[in-house]
Structures are given as structure tokens and as C-alpha cells.
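These notes concern the structure reproduced below.
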Amino acid sequence: MTVLPEAGTRREASAADRLRAVLARAAQVVGADRVTCPVTGLGPNVGLYRSRSVFGVVRPHTAEEVRRVVELFAAEETTAVLHAFSTGGNWGLGSREPAQDGAVVLDLSGLDQIRDVDVAGGWAVVEPGVTQARLARLLEGSERMLNVTASSAHTSVVGNALDRGVGLRHQRVEDLTGLEVVLPDGELIRVGWWPDPDRATPVYTHGLGPSLVQLFVQSALGVVTAATVRLLPRPEALRVVRLNFAPDQVEAATAEVRRWVAQGLARGVVKIYNEVAAGAYGGEPGRYLVHVCVDGTPEVVDALSGILTVEAVRSRAFTAVSDFDAVDPSAAHHDVAVRVERAYAGDPDPTDALFEAKTGRPAARLDEEGGFLFFLPLVPFSGAALARAHELIEQVRVESGIRCGVTFNALGADVVDCVVTMRFARDARDGGEAGRAHRALDRLYELFTGEGFIPYRLDIDHTDWAGRLPAGTGARAFARRLKDAVDPHHVIAAGRYA
Ligand SMILES: Cc1cc2nc3c(=O)[nH]c(=O)nc-3n(C[C@H](O)[C@H](O)[C@H](O)COP(=O)(O)OP(=O)(O)OC[C@H]3O[C@@H](n4cnc5c(N)ncnc54)[C@H](O)[C@@H]3O)c2cc1C
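The opening position of the sequence shown corresponds to residue 1 in full-length UniProt numbering, with each subsequent residue numbered one higher.
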């Protein structure tokens, strides 16, 4: 870090001088080489969102360093707010960028300890810099597995869960059983379930009284320095059944898939890809692609994949069904099918082959070279609602010329996480494809929310939607009262969901 001038008295110092002085003290806590100030921003982001002005970046390596840094900011009441990220792979929603200008960024990728793992007990204690690849590798060959996402293997388990990310088994928040949090005044607390060093206690998130873990998810109430994460029992056998259907069958085919989910024929998150999204998975041109995972004992897997095949044929909604692509090396999509099955089995591909097929770039170069946006609404799981979502995507294509990828992630029999992606050439935001993609994104917000399909994650340019979407009576005011009570000087950035 460049040598910073000492600030004068608190009253005399300008806000910027005071901030620099606090950062100089932070440098004494974390080491001068782990504070950057001034910075010209966090660099490009793959969404081509406007780069926010950032006052400085602090890269602590331990929870105690985070605690002391937050304490410094709390004591000085600077005008800057703290924005934390874990590994910063929030591509399409803003990457590492804070939603507000003028933040000091806490890059927590250096907190990368797997503090403890208990395979028999089914839990791990991990810090924000621990990637899904690292934790999964540790579990290889064991009786437990991690619920992994389809993002890069090198993204954070904690960061994804804190934004309510979606894994292949279920939404990641369901795996968060406890959080270690630095509160805005610098106090470090632990909420939810934590291992007892003297005896084995059941892994149970809620404890007695109000359940506190969820208070810190999509939240501006603290900085998370570690989490206890559930490890899932590893199935003895697993298979992914692949099906195709024509776009004019969206309603009938998805209604049939919904029936399978409701009747327990599928395990984990059923994924339904439109023609664009299916491209990376070797989908048939002009067809939707469905991945249905079945697992359990080998006999259960045989029985369920057989039943699914019979049901698919009987429904007449599908053009193809196959359950052997991953075991037959001569099958057309053998490699892809193997990678997909491994991911469902908790084994993220460290080479990121499927990720790169979707983004066209390795994760490490995505922010510099790629163009990619996400829109993430929830849609009721019914054939009619998913057919309507399909129509809205078509409308956006006609209006903007942008062909969106869509993945319907079934989060159970009632709700679908509708992942809308746009890949675009990295040209000027005001014109060209990037500009059209951003206008399409605005349109997606309008059209989907108009239909009642409300987003569950926001990007940094659409934070106003948090206030525009329906909430329970008094809920927003109560959340503001909580924020004011816990963080009266607004030390932690409001973030995307305030
Ligand atoms: C091709 C592709 C596929 C993808 N597939 C998926 C998928 O299957 N499922 C999915 O959910 N996402 C997916 N994503 C989106 C994204 O890449 C992942 O959600 C990724 O895990 C987020 O990056 P991260 O883990 O580094 O989290 P970060 O970017 O570090 O964190 C995400 C946000 O959480 C908050 N946060 C993080 N850490 C902390 C902390 N310690 N304390 C307080 N707040 C914190 C911050 O607001 C931060 O912006 C995909 C993206 C692409 C490009």
C-alpha cells in the first residue's frame, strides 16, 4: 500500500482524510500489502454494469482481522460503507461490484480455511474463500457430498449461499446451518448450529427462539466470516435421464415433469433448458432439453429411470428420452452427460468445461473479456406458467433481437427458479449488442414482474426493484428498523436488497 498521510484531529479532517487514516490503521491490522487505496474501481465486470467508485480495497486473511477492520470503521464513523464479497464470482449480477458508489471493499477470498469437517456428522465449517472445488475434493470417496452449483468450480460455497444461490440438489441456503458474523460494531457472533467440541449435537439450523441464520442472507446486517455447511449423504448410484421436447410442447411437457417431481420420481433440481441454454449441453437444435436426476440404491435408480422412460413415452410430449448417455462411450453426448452426472453427485469439474461452453471464456478472464447478464425470477411450477414465461422470452427476442437462454430449475413441485441469461458482444453499452442486452434486461424486469414472476436475486443496476416488489405488510419498514438498530451509523453497505 502507498504510505498514507496521518489524519489530523477528527473534527478537522475532511471525510476523505479520515477515511485514508482509517485505511492506514486497517493496513496495520492486515498488512500494508493487503490494502489498496486509492483505487480506480474494481476493474471491468462481465455484465458491463457501470463500475462503481470504490475508495479502497482491504484483503483480510482471518476473521479476527475482519472484526478489527469493521471495528475501525465503526469507531470512526466514516462516510464510506463496507461491501464484502467472498470470491467475487457474482457474474451477470455485478461480479465484485458494490451496488453503491464510495464503498470500501472487503475482499474475503483470503479467508480460505476449511476449519473443520465431520463426514459422519454431515457438516463442514468453511470460510468465504473456500471454493466448491476444494470442499468437494476433500469429500471424494466419502459417504458425504456437497450440493454444488453449475457455476465455476472455483466460486465460493459461502458467497453463493449468502445470495440464495441454487445448487443441483436444492437452493444453497438450505445447506447453511450456522454463520459466524462480524456485526457493524465489530462484535463477532455465531448464529444457528455450531459444532460442540465436547459432544455430538444434531445439526439443526433454527435453535430455540427466532431463527437468526436467514437474517444474514441477502442482508446488510453483518459480514460473514465462516459458515457451517451441511454435507449431504452420497447416493450409492445416480443417473441423469435426458429428454427433449419441441417448444410448442412447453406447457404439456413441463406439466408432465411437474407431475414427476410431485410424485417423487426425481431427485435434486430438475433442469429444463430452452434451445439456447441447451446448446452447452449438446441439446438437439430447436428443442428443449430436460435433465432429471434419479439416485439412491442401484435398484432404485434402475426402477426410477425405467418408470420415467415409460411415463415420457406415454405422455407423447417428448421427442426423445435417454438414460444411458453417461455409461455408453459411443453415445452422442457422452462427455457432457458424464460431467452433468458428476455435478449432481457433488463433483464440480475443476476444468470448468461446461461453464466455459456457456460463457465462452474461462472464469479467470470472464470479467475482462466476456459479456453476460442474468435475470432471475421465480415462476409457479405449472405448465401454463412456464409456457407464459416462454412467451415473454419470445416477446423480448422480438422487441430487442436478443435470444435469451432460459433454464427452469425446479425447486420442488411448486416453484421454479427461471434463470434467464444473455450472452453478448462486449461493445459500447449505449449502442450495439451490449446496449440491446441491457434494454432487454430492463424489459424482462417489467414483463416478468407484471405477470407476478418476481425476481429472487437482483443485479446492481436494479436494486430499486427491492422496494417496488410486494412485501408483507410492514415488512420493509421492519427490516429498516432492524438495520437502523443493528447498524445505526451505516457501516455496512446497503447492498442490492435494502
Ligand atoms: C455460466 C454460469 C453459471 C452459473 N450457475 C449458477 C448456478 O448454478 N447457481 C447459482 O446460484 N449461481 C450460478 N451462477 C452465478 C454465480 O456465478 C454464482 O452464484 C457464484 O457462486 C457467485 O460468486 P461467488 O460464490 O464468488 O460469490 P460472491 O460474488 O463472493 O458473493 C455473492 C454476493 O454475496 C454477498 N456476500 C458474499 N460474501 C459475503 C460475506 N462473506 N459477507 C456478507 N456478504 C457476502 C455479496 O453481496 C456478494 O455480492 C452462474 C454464473 C455463470 C456465469
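Don't be surprised by glycine CBs; every beta carbon is placed ideally from N, CA and C.
Backbone CA spacing between residue i and residue j [nearest angstrom]
i                : j              : result
valine 30        : valine 58      : 8 angstroms
phenylalanine 85 : isoleucine 307 : 44 angstroms
glycine 122      : valine 203     : 8 angstroms
valine 213       : glycine 474    : 21 angstroms
aspartate 17     : valine 173     : 40 angstroms
alanine 320      : aspartate 352  : 27 angstroms
leucine 378      : valine 415     : 7 angstroms
glycine 110      : valine 398     : 45 angstroms
alanine 266      : leucine 392    : 28 angstroms
histidine 206    : arginine 164   : 17 angstroms
glycine 129      : alanine 425    : 30 angstroms
alanine 437      : tryptophan 194 : 44 angstroms
alanine 477      : glutamate 451  : 25 angstroms
proline 434      : glycine 89     : According to the sequence displayed, residue 434 carries alanine and not proline. Taking the straight line from one Cα to the other gives about 20 angstroms.
alanine 498      : proline 488    : 15 angstroms
valine 491       : glutamate 71   : 9 angstroms
alanine 75       : aspartate 185  : 8 angstroms
glutamine 263    : histidine 390  : 25 angstroms
valine 148       : serine 14      : 47 angstroms
aspartate 349    : valine 119     : 21 angstroms
histidine 61     : aspartate 116  : 17 angstroms
glycine 283      : asparagine 244 : 8 angstroms
aspartate 248    : glycine 467    : 36 angstroms
aspartate 323    : valine 241     : 4 angstroms
aspartate 101    : valine 419     : 28 angstroms
leucine 179      : glycine 167    : 19 angstroms
aspartate 191    : valine 313     : According to the sequence provided, residue 191 is valine. The question's aspartate does not apply to it. Roughly 49 angstroms separates the two Cα atoms.
lysine 271       : glutamate 127  : 29 angstroms
valine 158       : arginine 316   : 42 angstroms
aspartate 461    : alanine 99     : 7 angstroms
arginine 134     : aspartate 295  : 24 angstroms
valine 300       : arginine 144   : 19 angstroms
Classification of residue i by the beta-carbon crowding that lies within 10 angstroms, buried from 16 upward
i                 : result
proline 298       : exposed
valine 290        : buried
valine 3          : Note on valine 3: pLDDT 39, under 50, position unreliable in the model; the coordinate value appears next. With fewer than 16 Cβ atoms within 10 Å of its Cβ, valine 3 is classed as exposed.
glycine 495       : buried
aspartate 484     : exposed
leucine 208       : exposed
threonine 359     : buried
isoleucine 189    : exposed
phenylalanine 55  : buried
alanine 161       : buried
proline 233       : exposed
phenylalanine 375 : buried
serine 305        : buried
glutamine 132     : buried
aspartate 367     : buried
glutamine 28      : exposed
glutamate 65      : buried
Residues bridged to residue i [DSSP beta-bridge criterion]
i              : result
arginine 242   : His291 and Ser322
arginine 115   : Looking at the DSSP assignment, arginine 115 forms no beta bridge with any residue, so it has no partner.
aspartate 107  : Phe85
glycine 192    : Gly178
tyrosine 281   : Note: tyrosine 281 sits in no beta bridge, so no partner.
arginine 267   : Cys293
tryptophan 123 : Asp118 and Arg230
tyrosine 273   : Leu289 and Thr407
leucine 376    : Arg457
threonine 36   : Val57
alanine 237    : Gly296
serine 224     : Inspection of the sequence shows that residue 224 is occupied by valine rather than by serine. Answer is Val181, bridged to valine 224.
Ligand 2 heavy atom lying under 7 angstroms from the CB of residue i
i             : result
aspartate 163 : Judged by which ligands are present, ligand 2 is missing from the structure shown, whose ligands are ligand 1.
Below-8 angstroms beta-carbon distance, residue i vs any chain C residue
i           : result
proline 470 : You won't find chain C in this structure, because it holds only one protein chain.
Hey, which unbroken runs of the beta strand (DSSP E) at 3 residues or more fall wholly within the segment 401-453?
405-410 and 415-423
Where are the beta strand (DSSP E) runs, 3 residues long or more, that stay fully inside the segment 126-187, in chain order?
176-182
What are the complete alpha helix (DSSP H) segments, minimum 4 residues, inside the segment 455-491?
Segments of the alpha helix (DSSP H) lying fully in the segment 455-491: 465-468 and 475-486.
Tell me the start and end of each unbroken alpha helix (DSSP H) in the segment 326-368 that is at least 4 residues and wholly inside, in chain order.
334-344 and 353-359
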